[in-house]
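These notes concern the structure reproduced below.
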Amino acid sequence: MVKVQEQALQDGHLTRVRDLYTLNFNPVLSAKDIVAFKTGNIAEDILQEQEHIKWADIITLIHPIWWTGMPGLLKGYFDRVLSYGFAYRYGQHGIEQMLAGKKMYIINTVGSEEQNYNDKGIFKAMRIVAENTFGFTGLQIEEHRFFSSVITAGEETINEYLTSLKSLFPKTLSV
Numbered sequence: 285m286v287k288v289q290e291q292a293l294q295d296g297h298l299t300r301v302r303d304l305y306t307l308n309f310n311p312v313l314s315a316k317d318i319v320a321f322k323t324g325n326i327a328e329d330i331l332q333e334q335e336h337i338k339w340a341d342i343i344t345l346i347h348p349i350w351w352t353g354m355p356g357l358l359k360g361y362f363d364r365v366l367s368y369g370f371a372y373r374y375g376q377h378g379i380e381q382m383l384a385g386k387k388m389y390i391i392n393t394v395g396s397e398e399q400n401y402n403d404k405g406i407f408k409a410m411r412i413v414a415e416n417t418f419g420f421t422g423l424q425i426e427e428h429r430f431f432s433s434v435i436t437a438g439e440e441t442i443n444e445y446l447t448s449l450k451s452l453f454p455k456t457l458s459v
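Quick note on our numbering: the sequence shown kicks off at 285 and runs consecutively.
This is the structure in structure tokens:
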């Protein structure tokens with residue numbers, strides 16, 4: 285996460301880091317939350333995170349893959365924060381994607397070897413799920429990277445992963 289932030293800053297981007305563990309974010313979407321989305325009386329923790337998303341032009345999502353998906357804490361974050369009325373709504377012509385125009389980069393770490401995921405089509409399936417989940421809100425996934433075998437990877441492989449981050453973000457234009 286630190287390396288990604290450093291690279292984004294070097295490329296001329298402003299950054300904000302949202303570490304859900306440090307924030308002690310409550311991932312449970314409650315009945316009260318669902319009612320609040322309709323009435324507008326939304327919990328403060330949700331509103332704060334929505335403000336960070338409004339601020340961002342680019343969202344970089346970094347997380348491990350557990351059981352071929354994102355950790356429960358992150359799933360709960362999206363359940364609560366990418367809510368009806370904020371990230372999407374239903375209009376006269378169908379779904380209105382309220383986060384359209386924002387770009388997203390996804391970086392996933394995986395414990396197993398790359399071949400295990402490719403042979404079974406798991407990476408492809410995870411990309412499809414991410415594109416459809418975030419695309420529903422209008423977020424455009426620019427790149428989705430998987431760093432495999434991170435548990436057993438040697439220093440050289442880890443350094444290759446970190447070096448590859450240098451090409452992740454577009455460079456901002458200087459005036």
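Just so it is clear, CB atoms sit at the ideal spot from N, CA and C, and this is done for glycine as well.
Just so you know, these numbers come straight off a predicted model, no measurement behind them.
Taking isoleucine 326 as the centre and dropping the five residues before and after it, the same chain places the C-beta of Ala320 closer than 6 Å to its C-beta, in chain order. Glycine 378 and tyrosine 401 have their C-alpha atoms some 35 Å from each other.
Sequence-distant Cβ neighbours of leucine 298 in its own chain, meaning closer than 6 Å and more than five residues away, do not exist here.
A straight-line Cα-Cα distance of about 11 Å links valine 312 and valine 365.
Here leucine 357 carries a helix assignment [DSSP, helix/strand/coil]. A contact is defined here as three or more CB-CB pairs under 8 Å, and the segment 378-392 meets this definition with respect to the segment 412-426.
Ranked by Cα distance from lysine 338, the options Thr393, Lys450 and Gly385 are led by Gly385.
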